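First comes the structure, then the notes that go with it.
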Amino acid sequence: MDEKITHSKDVIRHGIDRYKDRIAVSCSWGKDSLVLLDLALQVDPTVPVFSLLTVYKPKETYEFVPLVIKHYNIHPRIYMVADAIPPILKHHDVPVILLPADDYKRAEEHSGRTTGHKLYVSDPQRCCDLLKVAAKEYAIKDMKLEAWFSGLRNTEGQTRLTATEIEAVSPIETKINPLLTWTEQEIWQYITTNNLPIHPWYKKVFPDGRRIRSLGCEPCTVPVFDYESERDGRWRNTKKQAGECGIHTRKDEGP
Ligand code: SF4
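Numbering-wise (the working numbering), the sequence shown opens with residue 111 and increments by one.
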């Protein structure tokens, strides 16, 4: 465990040394992001942080964001495709950079008219593209980033097994995964040992023993059993089950 912590901090340090102010920590407010954030702030308390929220995040996530901001005294740049800042964030004076929602609203309206379903049901990939991937592309340009840190880990699920510590997202964008080899158990060990804030969704145990082990948008996240992979509860019963939103997909790969 100590070796993994040291290694992760070394990876973060090298990333910051190399990219200077052109690198930032991405934060989804989930367990892995919190460990990443905690380690990165130990290496450099001024490292920039960014986050992508969507209109479908659960209210518990909106409530958790100001709590983490206060805990670490950070000033993340939060991007969101939406017409208005969620009231909970507004109430806590959390600044949010709103991005135009016209394309999303058009696709949502078309989905309702032609399929009778919300876009996240009829075409979850399109929904993720419009709400998450577009926001991430904007964030990278807006912050003039050449690289970003992610809390991605190999053992989270099938789609992440072959990820590497340093990934070329495109010729001008690099993603660095300092927690790549950490297990779910090690993540929780670090969180409890260091008393990190915990998103309330992780504390729920459903009557059949299932738990939410990977946080996402509310309509696309269900609890899973311990014998399943962490990400098996994402986009359950769709062709995207246990898949990726697209943020972690290289430009030469499919979603
Ligand atoms: S996770 Fe679901 S609700 Fe969130 S952007 Fe993707 S499809 Fe839409």
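Built from N, CA and C at the ideal position, the CB exists for glycine as well. Quick caveat: nothing in here was measured; it's all calculated off a predicted structure.
Could you name the residues of the same chain whose beta carbon sits closer than 6 Å to that of residue i, not counting the 5 residues immediately before and after it, in chain order?
| i | result |
| --- | --- |
| residue 249 | 160, 189 |
| residue 295 | none |
| residue 355 | 238, 242 |
| residue 119 | 149, 153 |
Only counting the same chain, and skipping five residues up and downstream in sequence, which positions put a Cβ closer than 7 Å to that of residue i?
| i | result |
| --- | --- |
| residue 126 | 133, 153, 154, 157 |
| residue 240 | 191, 213, 214, 217 |
| residue 303 | none |
| residue 122 | 149, 150, 153, 259, 288 |
| residue 236 | 217, 229 |
| residue 268 | 339, 352 |
| residue 330 | 230, 234, 344, 345 |
| residue 315 | 321 |
Can you round the beta-carbon distance between residue i and residue j to whole angstroms, since I take them to be within the 8 Å contact cut?
| i | j | result |
| --- | --- | --- |
| residue 139 | residue 165 | Not quite, the Cβ-Cβ distance comes to about 15 Å (not below 8 Å), so this is no contact. |
| residue 186 | residue 137 | 6 Å |
| residue 245 | residue 162 | 4 Å |
| residue 263 | residue 290 | 6 Å |
| residue 286 | residue 145 | Actually they are not in contact, since the Cβ atoms of residue 286 and residue 145 sit about 14 Å apart, beyond 8 Å. |
Kindly indicate which residue of the options has the alpha-carbon position closest to the one of residue i.
| i | options | result |
| --- | --- | --- |
| residue 418 | 281, 282, 260, 283 | Limits of the chain in this structure are 111 at one end and 365 at the other, which puts residue 418 out of reach. |
| residue 350 | 225, 317, 230, 313 | 230 |
| residue 201 | 221, 173, 209 | 173 |
| residue 141 | 358, 326, 221 | 326 |
| residue 204 | 171, 236, 233 | 171 |
| residue 124 | 301, 328, 276 | 276 |
| residue 116 | 338, 344, 292 | 292 |
| residue 114 | 342, 312, 297, 199 | 297 |
| residue 266 | 323, 300, 319 | 323 |
| residue 221 | 211, 210, 233 | 233 |
| residue 111 | 353, 176, 299, 319 | 299 |
| residue 180 | 306, 343, 208, 255 | 306 |
| residue 211 | 316, 199, 224, 194 | 194 |
| residue 131 | 254, 183, 247 | 254 |
| residue 358 | 314, 336, 247, 337 | 247 |
For residue i, which residues of its own chain have a beta-carbon under 8 Å away from its beta-carbon, when the five flanking residues on both sides are left out?
| i | result |
| --- | --- |
| residue 128 | 257 |
Roughly how many whole angstroms lie between the Cα atoms of residue i and residue j?
| i | j | result |
| --- | --- | --- |
| residue 206 | residue 197 | 11 Å |
| residue 148 | residue 251 | 25 Å |
| residue 168 | residue 309 | 11 Å |
| residue 226 | residue 348 | 16 Å |
| residue 319 | residue 176 | 30 Å |
| residue 332 | residue 311 | 11 Å |
| residue 219 | residue 342 | 29 Å |
| residue 283 | residue 317 | 44 Å |
| residue 182 | residue 223 | 45 Å |
| residue 184 | residue 281 | 30 Å |
Chain-ordered residues, beta carbon under 6 Å from a heavy atom of ligand 1: 164, 166, 230, 234, 237, 238, 241, 242, 326, 327, 329, 330, 355
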